[in-house]
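Numbering (this note's numbering), first residue to last: 19 to 298.
Built from N, CA and C at the ideal position, the CB exists for glycine as well.
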Amino acid sequence: MQKTQNNHNVITRHKQSNASLYIKKISYIALTLLWVSLPISANKSPFIHIVTEHLPPYQIVTKNKPLSGFAVDIIKETMARSQYAYSMKNYSWLRSYNLAQVKANHCIFSVVRLKSRENMFKWVGPISNVNNTAMWARKDRHIKISNLNDAKKYIIAVSRNDFTHIGLIERGFNEGENLYVLEHTKSLVSLLITRPEIDLILIDNTTIKFRTELAGANINELQRVYEIKDLPLNFFFACSKRTDDNIIKNLSNKLQSLYQDGSYDAIWEKWRNKLTSPEL
């Protein structure tokens, strides 16, 4: 009788052991399947696609060389402090602007923060000091402007969806009436010099020097005729609205750390000579 009872206990323990092993196997398989089924973003940090344009001295595109420039250095240092792998590519302004609005995890610099753009992006933070914007004319045209209403009598060339284009639209200027709108920025100075129907261009006081060089022109041929005080240029780093808020928060914190530890000032000093506005 005792032997039978012992055999029964052994069989019971064996069954319990098998059941426990079976449950462990099922649990392991279930956890494995759950892990595999998780989205990629849950398993690793997302890849950030950064787009920009050629806009010296902020972004400088040189053939067979990596992107350089003041803003490029700021963004590279920000990304180096973040947890994200990234790419940085140069396109036309219009293409970069559109990509950063519609594609997830796409970010853009340098973009001016305007009221009309506020809900188009998620804003990481500022990457430049405030810089004034002015209307420029050929000196030999002897154009005099006292206020914005005076300027509406002239034809002004701007780049499509640039802050100058949007800023003038918001101030009562109209395409086809007193605005001549280009699809890219690099032709503005050339247009002013070669096309007699173009009276003015609207450019910030820093990039005018580089755009003039790009056009093969002499900046002494140009004259700053009117500065728009309420249209300051303040470049930002921004991302598409389809980018996760945690990414924006992380990048914003890393960018802010550049200001806090003196890195931003060091980068600014490196580019100081190129960031100084010409006195004309």
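Is it right to say residue 114 is buried, meaning 16 or more other beta carbons lie within 10 angstroms of its own, or is it exposed? Within the sequence shown, the letter at position 96 stands for residue 114. With 16 or more other Cβ atoms inside 10 Å of its own Cβ, residue 114 counts as buried.
Would you list the one or two residues that DSSP bridges to residue 85? The residue you call residue 85 lines up with position 67 of the sequence shown. In the DSSP output, where bridge partners are listed per residue, residue 85 has none listed.
Just checking, does the stretch 163 to 170 make contact with the stretch 200 to 216 on the three C-beta pairs under 8 Å criterion? no
In angstroms, rounded to a whole number, what distance separates the CA positions of residue 135 and residue 283? As a first step, residue 135 is located in the sequence shown; it is residue number 117 there, counting from the start. As a first step, residue 283 is located in the sequence shown; it is residue number 265 there, counting from the start. Spanning the two alpha carbons is a distance of roughly 28 Å.
So residue 126 and residue 69 are in contact, right, with Cβ under 8 Å, and what is the actual spacing, rounded? Numbered from its first residue, the sequence shown carries residue 126 at position 108. Numbered from its first residue, the sequence shown carries residue 69 at position 51. The pair is a contact, with the Cβ atoms about 5 Å apart (cut-off 8 Å).
Is the Cβ of residue 71 closer than 8 Å to any Cβ of chain C? Going by chain labels, chain C is absent from the structure shown, which holds only one protein chain.
Taking only the alpha-carbon atoms, compute the straight-line gap between residue 63 and residue 123 and give it to the nearest angstrom. On the sequence shown, residue 63 is found 45 positions in, with the first residue counted as 1. On the sequence shown, residue 123 is found 105 positions in, with the first residue counted as 1. Those two C-alpha atoms are separated by around 11 Å.
With a 10 Å radius around its C-beta and 16 neighbouring C-beta atoms as the bar for buried, classify residue 71 as buried or exposed. Mapped onto the sequence shown, residue 71 falls at position 53. That one is buried.
Given a cut-off of 8 Å, decide if residue 239 and residue 290 are closer than it, judged by their beta-carbon atoms. One-based indexing of the sequence shown puts residue 290 at position 272. One-based indexing of the sequence shown puts residue 239 at position 221. Contact: no.
Contacts around residue 90, its chain only, beta-carbon distance under 6 Å, and the 5 residues preceding and following it disregarded: The residue given as residue 90 occupies position 72 in the sequence shown. So the list reads 77, once near-sequence residues are dropped.
Among the candidates 221, 217, 212, 170, whose CA atom is the shortest distance from the CA of residue 181? Stepping through the sequence shown from its first residue, residue 181 is reached at position 163. Ranking 221, 217, 212, 170 by Cα distance to residue 181 puts 221 first.
With a 10 Å radius around its C-beta and 16 neighbouring C-beta atoms as the bar for buried, classify residue 212 as buried or exposed. Sequence index remark: in the sequence shown, residue 212 carries index 194 (1-based). That one is exposed.
Buried or exposed: which applies to residue 139, given that a residue is buried once 16 or more other Cβ atoms fall within 10 Å of its Cβ? For this step, residue 139 is matched to residue 121 along the sequence shown. Residue 139 comes out buried.
How would you label residue 288, buried or exposed, when you count the other beta carbons within 10 angstroms and need 16 or more for buried? The count along the sequence shown starts at 1 and reaches residue 288 at position 270. Burial call: exposed.
Tell me the DSSP bridge mates of residue 140? On the sequence shown, residue 140 is found 122 positions in, with the first residue counted as 1. Beta-bridge pairing links residue 140 to 257.
By a C-beta neighbour count over all protein chains shown, 10 Å radius and 16 as the cutoff for buried, is residue 280 buried or exposed? The residue you call residue 280 lines up with position 262 of the sequence shown. Under this definition residue 280 is an exposed residue.
Using DSSP's beta-bridge definition, name the partner residues of residue 153. Taking the first residue of the sequence shown as position 1, residue 153 is located at position 135. Per DSSP, 220, 244.
What whole-angstrom Cβ distance do residue 145 and residue 254 have, given they're in contact under 8 Å? Residue 145 sits at position 127 when you count from the first residue of the sequence shown. Residue 254 sits at position 236 when you count from the first residue of the sequence shown. So it is a contact: roughly 6 Å between Cβ atoms.
What is the residue span of the beta strand (DSSP E) that residue 105 lies within? The residue labelled residue 105 in the question sits at position 87 within the sequence shown. Residue 105 -> beta strand (DSSP E) spans 104 to 108.
For residue 95, which residues from the same chain have a beta carbon less than 8 Å from its beta carbon, with the 5 sequence-adjacent residues on both sides left out? Here the question's residue 95 lines up with position 77 in the sequence shown. 276, 281, 285.
Straight-line gap, residue 256 to residue 105 (C-alpha atoms, nearest Å): Here residue 256 corresponds to residue number 238 of the sequence shown, with the count starting at 1. Here residue 105 corresponds to residue number 87 of the sequence shown, with the count starting at 1. Whole-angstrom Cα-Cα distance: 15 Å.
Look at the Cβ atom of residue 112, then the Cβ atom of residue 178, and state whether they are nearer than 8 Å. Counting from 1 along the sequence shown, the entry for residue 112 is found at position 94. Counting from 1 along the sequence shown, the entry for residue 178 is found at position 160. Cβ atoms of residue 112 and residue 178: closer than 8 Å.
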